[in-house]
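Throughout the sequence shown, residue numbering follows numbering that gives the first Met the number 0, covering 0 to 198 in sequence.
Cβ atoms here follow ideal geometry from the backbone N, Cα and C, with glycine treated the same way.
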Amino acid sequence: MTLKISLNRPKLKKAYIYLFSLTEIDFNKPSIYFPPINSIFESKQKVRIMKKAVFPGSFDPITLGHYDIINRALPLFDQIIIAIGINADKKHMFPLEKRMDFIKKTFVNEPKISITTYQGLTVDYCLEINAHFLLRGLRNPADFEFEKAIAIANRKLSGIETVFLLTSAETSFISSSIVRDIMRNNGDASIFVPKNVLV
Ligand code: ADP
């Protein structure tokens, strides 16, 4: 194990080693980020690390549930990247361009939010763009059970933390698949999606 610490201050160096000992992280991975070090930097060196979160998903289409989670996350992060995972094997109702367009329209006045696409492992994408957090929304215990295993695997793989936010009671029943079902059967799904989506 090689641990490169190029800091002159012994106290800070000690704090690093202590924090490393608290993590489950594999030190051999090169581009690992250690969230607790943020606070050391902020307080001692006045260097601020940007808090970037990736919100991955299919967004087929974006719903008021996604919208609720993103709005709740806005005060917590400096930047939120809504990232549509491209999976050639998955069938979608809306083409990629349309899904991106819906999201762009929804957050047109929100400078903290950007929209992008990625392929491959979500954590690899996070490391590539230097994002330290993954954002996921929870509707119910089933979501939690499913997401928990993925979050732990992601942390083991990369050191990236997943931040879970609970949706509001009013949007906890909404899913993209319900919206798609309504639309397939010629129903009006507009009350389940942000304004300007599906129009
Ligand atoms: P995925 O295919 O990754 O599940 P989705 O677009 O369905 O992609 O969901 C992306 C994220 O949004 C997930 O974290 C999911 O739990 C969350 N999400 C979806 N619907 C809701 C909702 N109604 N309330 C809160 N979170 C939601």
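| field | ILE151 versus GLU169, SER167, PHE132, residue with shortest Cα-Cα distance | value | PHE132
In chain order, what residues of the same chain lie with their CB nearer than 8 Å to the CB of ASP77, ignoring the 5 residues before and after it? A distance below 8 Å between beta-carbons, with the five flanking residues on each side excluded, links ASP77 to the following residues of its chain, in chain order: MET49, LYS50, LYS51, LYS111.
DSSP beta-bridge partners of ALA82:
Under DSSP, ALA82 forms a beta bridge with PRO55, THR115.
*asked:* So, does the region 90-107 touch the region 189-198, judging by three or more C-beta pairs under 8 Å?
replied: yes
**Cα-Cα separation, ILE149 to THR121** = 11 Å
Would you tell me roughly how many angstroms separate the C-alpha atoms of ILE128 and ASN185, rounded to the nearest one?
Using only the alpha carbons, I get a separation of about 40 Å.
ask   = With which residues is VAL162 paired in a DSSP beta bridge?
value = VAL162 pairs with LEU134.
TODO: Look at ASP67 and SER175 and say whether their C-beta atoms are less than 8 Å apart.
DONE: no
ask   = So, are the CB atoms of ILE79 and ILE69 less than 8 Å apart?
value = yes
Legend entry - Status (buried if at least 16 other CB within 10 Å, exposed otherwise) for PHE54: Burial of PHE54 is indicated by the presence of at least 16 other C-beta atoms within 10 angstroms of its C-beta.
What is the DSSP secondary structure of SER157, reduced to helix, strand or coil? helix
Note to self: Given this structure, state the Cα-to-Cα distance separating ASP100 from GLY136, to the nearest angstrom.
What the structure shows: 21 Å
**Study point:** Under the three-state DSSP convention, the category ASP25 falls into
**Key:** Legend: pLDDT at ASP25 = 45, less than 50; position of this residue unreliable, no value from coordinates given.
- [ ] From the DSSP output, in three-state form, read off LEU120 for me.
- [x] coil
Inset, instruction - Determine the DSSP secondary structure at ALA72, reduced to helix, strand or coil. - result: helix
- Looking only at C-alpha atoms, which of ALA72, PHE145, GLY119, ASP88 sits nearest to GLU109? ALA72
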